[in-house]
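K.L.:
Read in order, the letters of the sequence shown are residues 0 to 146 in numbering that gives the first Met the number 0.
C-beta atoms are modelled at their ideal positions from N, C-alpha and C, and glycine is treated no differently.
From a predicted model like this one, the values you see are computed outputs, not experimental measurements.
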Amino acid sequence: MAWSLDQLDALALEVPPAEAELPPQALDPEAFAQAFGTLLQALETERPSLHGILKGMPYRLEGHLWIAPVPNAAMQGQLEQNRSRVVEALRTATANPTLQLRVEVDETLAPQTTTKRMSLEEKRQRMLEINPLLAELERRFSTTTDF
Numbered sequence: 000m001a002w003s004l005d006q007l008d009a010l011a012l013e014v015p016p017a018e019a020e021l022p023p024q025a026l027d028p029e030a031f032a033q034a035f036g037t038l039l040q041a042l043e044t045e046r047p048s049l050h051g052i053l054k055g056m057p058y059r060l061e062g063h064l065w066i067a068p069v070p071n072a073a074m075q076g077q078l079e080q081n082r083s084r085v086v087e088a089l090r091t092a093t094a095n096p097t098l099q100l101r102v103e104v105d106e107t108l109a110p111q112t113t114t115k116r117m118s119l120e121e122k123r124q125r126m127l128e129i130n131p132l133l134a135e136l137e138r139r140f141s142t143t144t145d146f
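1. Would you tell me roughly how many angstroms separate the C-alpha atoms of R123 and N130, rounded to the nearest one?
2. Which word fits T93, buried or exposed, when buried means at least 16 other C-beta atoms lie within 10 angstroms of its C-beta?
3. Could you check the C-alpha separation between E103 and L60 for me, to the nearest Å?
4. Please report the distance separating the alpha-carbon of G62 from that of L53.
5. Could you have a look at L108 and say whether DSSP puts it in helix, strand or coil?
6. In three-state terms, what does DSSP make of A25?
7. Three Cβ pairs or more, each shorter than 8 Å: is that satisfied between the stretch 78-94 and the stretch 23-33?
8. Can you list, in chain order, the residues of its chain with a C-beta nearer than 7 Å to that of P57? Leave out the 5 residues immediately preceding and following it.
9. Taking Cβ positions, are R101 and L42 nearer each other than 8 Å?
10. Let me know the secondary structure DSSP gives L42 once reduced to three states.
11. Under 8 Å between the Cβ atoms of E106 and P70?
12. Once DSSP output is grouped into helix, strand and coil, what is the label at Q78?
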């Protein structure tokens, strides 16, 4: 896996040198949930796109590690760009200086989209629902929308 300079800088900032020698402290799930909720409230106005990524995220906690699954690489990149801010805010709020973040791409989290192609008659019916005057135009000018 190739790393960019930004990613290496983010990794270097994750654990400050003075705290690198601290033994990992397990995260308290309740304290983390409360801190995470507070972070979401702050991000709602400050960084709405990041709020959208984190809101409803099914995160996991393993010891001092916060595992954040995201549905695609674009969201992973955005979370990686804001890693230092997010981690530092959660470290402060949970009083756990050893908290670390791992972002994983989990494609099963992507919304399942099913698209159904509409027939010409279904399109016509949909247009009539949106604008009932279409029927009047067809009648008045003796036209149809058949192709």
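P.N.:
Checking against the coordinates, here is how it stands:
1. Locating residue 123 in the sequence shown gives position 124, counting from the first residue. Locating residue 130 in the sequence shown gives position 131, counting from the first residue. The straight-line gap from Cα to Cα measures roughly 10 Å.
2. Here residue 93 is taken as the residue at index 94 of the sequence shown, counted from 1. With 16 or more Cβ atoms within 10 Å of its Cβ, T93 is classed as buried.
3. On the sequence shown, residue 103 is found 104 positions in, with the first residue counted as 1. On the sequence shown, residue 60 is found 61 positions in, with the first residue counted as 1. Going from the Cα of E103 to the Cα of L60 covers about 13 Å.
4. In the sequence shown, the residue the question calls residue 62 occupies position 63. In the sequence shown, the residue the question calls residue 53 occupies position 54. Going by the C-alpha atoms only, they are around 20 Å apart.
5. Here residue 108 refers to the residue found at position 109 of the sequence shown. Helix, per DSSP.
6. Stepping through the sequence shown from its first residue, residue 25 is reached at position 26. Here A25 sits in coil by DSSP.
7. yes
8. Taking the first residue of the sequence shown as position 1, residue 57 is located at position 58. Counting only Cβ-Cβ distances below 7 Å, and skipping sequence neighbours, we find P68.
9. Taking the first residue of the sequence shown as position 1, residue 101 is located at position 102. Taking the first residue of the sequence shown as position 1, residue 42 is located at position 43. Going by C-beta atoms, R101 is not nearer than 8 Å to L42.
10. Taking the first residue of the sequence shown as 1, we reach residue 42 at position 43. Helix, per DSSP.
11. The residue given as residue 106 occupies position 107 in the sequence shown. The residue given as residue 70 occupies position 71 in the sequence shown. In contact: E106 and P70 (Cβ atoms closer than 8 Å).
12. In the sequence shown, counting from the first residue as 1, residue 78 sits at position 79. It is worth fixing the name first, because residue 78 is Leu in this sequence and not Gln. In this structure, L78 counts as helix in the three-state DSSP scheme.
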